[in-house]
Structures are given as C-alpha cells and as structure tokens.
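Sequence positions in the sequence shown follow the numbering used here and run 6 to 272.
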Amino acid sequence: MADLLRKPSGTRGKVHDITAQSANWGYVGFGLYHLKAGETAAEPTGDREVILVLVEGKAEIAVGDQNFGELGKRMSVFERIPPACVYAPNDADWNAKATTDCVLAVCTAPGKGNYPARVISDIEMVERGKGANTRYIHPIAMEEKDIADSLLVTEVFTPSGNWSSYPPHRHDEDNYPDMTYLEETYYHRLNPKQGFGFQRVFTEDGELDETMAVSDGDVVLVPKGHHPCGSPYGYEMYYLNVMAGPMRKWRFQNHPDHDWIFQRDSK
C-alpha cells in the first residue's frame with residue numbers, strides 16, 4: 006500500500022512536516038503548525054520558497070527584516086473568508102508569533118530568488134462546477150498571479166454531499182501544453198470536525214489505486230494519477246492544495262471514462 010495518507014503527529018507545535026525527501030518526490034513540501042497565543046514558529050527557507058497560509062487565527066509575521074504586523078481575520082476556516090498569506094523567497098528567514106490560537110500552513114517548493122517577500126492579497130472566492138459537483142475556490146497563488154517561482158497554492162470548500170477535484174483528472178506528465186507535471190498535497194479539514202471524507206488516488210493502468218478515508222487534519226499525497234474527493238452528507242470539506250513541478254503552470258487531463266461529465270456541464 007502506498008504511503009499517501011499522513012496523520013498529524015499531535016495537537017501542538019509542528020504537527021505535519023512533509024518534505025520532498027519524506028514524500029519521495031522532487032518538489033512539494035508541506036508543514037503545519039498549531040500554535041497557542043504567544044507561541045512562535047520560525048524557519049529558514051534555504052533553497053526553497055515558502056507561502057505561509059494562516060488557515061485559522063491571527064499572527065504577527067515577518068520575513069527577514071520585513072515585519073508585516075498582525076495578519077489574519079478568520080477564526081474558523083469554515084467562515085470561508087480569504088486567508089492571510091505571506092510569500093517568503095529562498096535564502097530568507099521567516100517567523101510567526103501567534104496573537105490568538107492559530108493554524109499556520111507552510112507550503113514550500115524550489116525557489117530561484119525571482120520574487121520578493123510580500124503579503125498576498127486580492128484573493129477572491131470563485132464558484133466552480135454544477136449540481137453536486139459545486140465547490141468554492143480561493144486561488145491563493147495560481148499561475149495568473151506572477152508571485153512565485155514554483156508554488157501553486159489554492160483552497161477549496163466542498164459542501165456537504167458534494168464532490169471535488171472531479172471529474173477525476175491528472176497532471177503527472179511533463180508534456181506542456183497538454184499537461185504539466187505537478188506533485189500535490191491535500192490538507193483536509195471537516196466541519197463538524199468528527200466527520201470524514203474520501204479521496205481516491207489512482208492511475209489509469211491500475212498500478213496505483215488507493216481510496217482513503219480522511220479525517221480532520223489529515224494530509225494526502227498525490228504523486229501521480231487522478232485524485233477526486235467526496236464529502237458525505239452532513240459534513241463540509243475543506244482542503245488546502247500545494248502543487249509544484251518543473252513548470253509553474255496547471256495543465257491537466259480528465260480521466261477518459263469520466264470526461265463526458267465535464268463536457269456535458271461545460272455546455
């Protein structure tokens with residue numbers, strides 16, 4: 006069985022620490038801190054760029070000698086208001102001091118030093134899909150924003166009973182413009198938090214086919230293949246996606262058996 010489902014290591018401090026090495030791939034890293042008010046987190050970026058996402062709560066964030074002050078508005082991720090986010094380039098140091106209890110995501114990928122530290126603003130909600138495939142997106146740092154060397158980061162809210170990352174699609178070949186190779190992580194949250202969701206990661210040839218029940222706080226790795234998510238009735242699903250590869254573009258192909266759904270709904 007592939008080691009794709011990663012459980013948090015605890016409830017305080019750094020509860021996820023997924024590196025490119027521990028994921029056995031080349032680009033994406035994902036960390037997550039649970040901080041109490043007054044607690045701090047700090048890391049050097051090294052040869053990687055970082056996007057900090059305040060999933061919940063407030064914190065004072067600085068990169069090097071740039072202090073961005075207290076950031077954050079939403080106290081629950083399910084308020085669905087845009088998150089506070091900060092970009093930090095490679096060869097820098099970032100630090101965060103929680104001013105309330107907070108959840109801080111650390112999204113990383115190889116950096117080239119082309120972009121300065123900054124607060125990422127102008128994040129607006131976008132509706133996508135139809136019927137039980139409807140979901141709501143915060144495109145934090147997708148390719149239309151020229152703010153990063155490698156990272157693509159987005160949030161998705163999937164209503165109770167709906168599907169997301171659906172129809173099944175993949176982006177596991179370096180074949181631009183038809184497809185780009187992008188590794189991806191999914192950080193899942195559920196509302197109410199005792200709920201569960203499902204994610205299937207599978208290739209068309211059947212070499213990889215894993216279906217996982219995800220709990221609040223779990224991370225799923227997507228090294229290749231299709232990766233749809235389902236949210237059972239009664240539970241709303243959130244996930245934070247981090248993608249990166251050799252090209253900072255998101256080009257994918259739907260599964261040929263299920264592309265008819267996209268074709269029908271796009272008319």
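Cβ atoms here follow ideal geometry from the backbone N, Cα and C, with glycine treated the same way.
{"Query": "For the stretch 116-191, list the beta strand (DSSP E) runs that are entirely contained and at least 3 residues long, ordered along the chain.", "Result": "123-125, 131-133, 140-146 and 157-163"}
{"Query": "Could you give the distance in angstroms between the alpha-carbon of residue 188 and the alpha-carbon of residue 254?", "Result": "12 Å"}
{"Query": "So, helix, strand or coil for residue 265, using DSSP?", "Result": "helix"}
{"Query": "At 3 residues or longer, what runs of the beta strand (DSSP E) sit wholly inside the stretch 31-55?", "Result": "34-40 and 45-49"}
{"Query": "To the nearest angstrom, how far is the alpha carbon of residue 51 from that of residue 178?", "Result": "28 Å"}
{"Query": "Report all residues from its chain with a CB closer than 7 Å to the CB of residue 146; omit the five preceding and five following residues, and keep chain order.", "Result": "56, 125, 152, 153, 156, 157 and 158"}
{"Query": "Three Cβ pairs or more, each shorter than 8 Å: is that satisfied between the stretch 90-102 and the stretch 53-71?", "Result": "yes"}
{"Query": "Using the DSSP secondary-structure output, state which residues sit across from residue 19 in a beta bridge.", "Result": "38"}
{"Query": "Give me the Cβ distance between residue 352 and residue 175, rounded to the nearest whole Å; I'm assuming they're in contact under 8 Å.", "Result": "For residue 352 there is no data in the structure shown, the boundaries of the chain being 6 and 272."}
{"Query": "Tell me whether the stretch 82-91 and the stretch 28-42 touch, counting them as touching only if at least three CB pairs, one residue from each stretch, are closer than 8 Å.", "Result": "no"}
{"Query": "Cα-Cα, which of 271, 26, 212 and 73 is closest to residue 231?", "Result": "212"}
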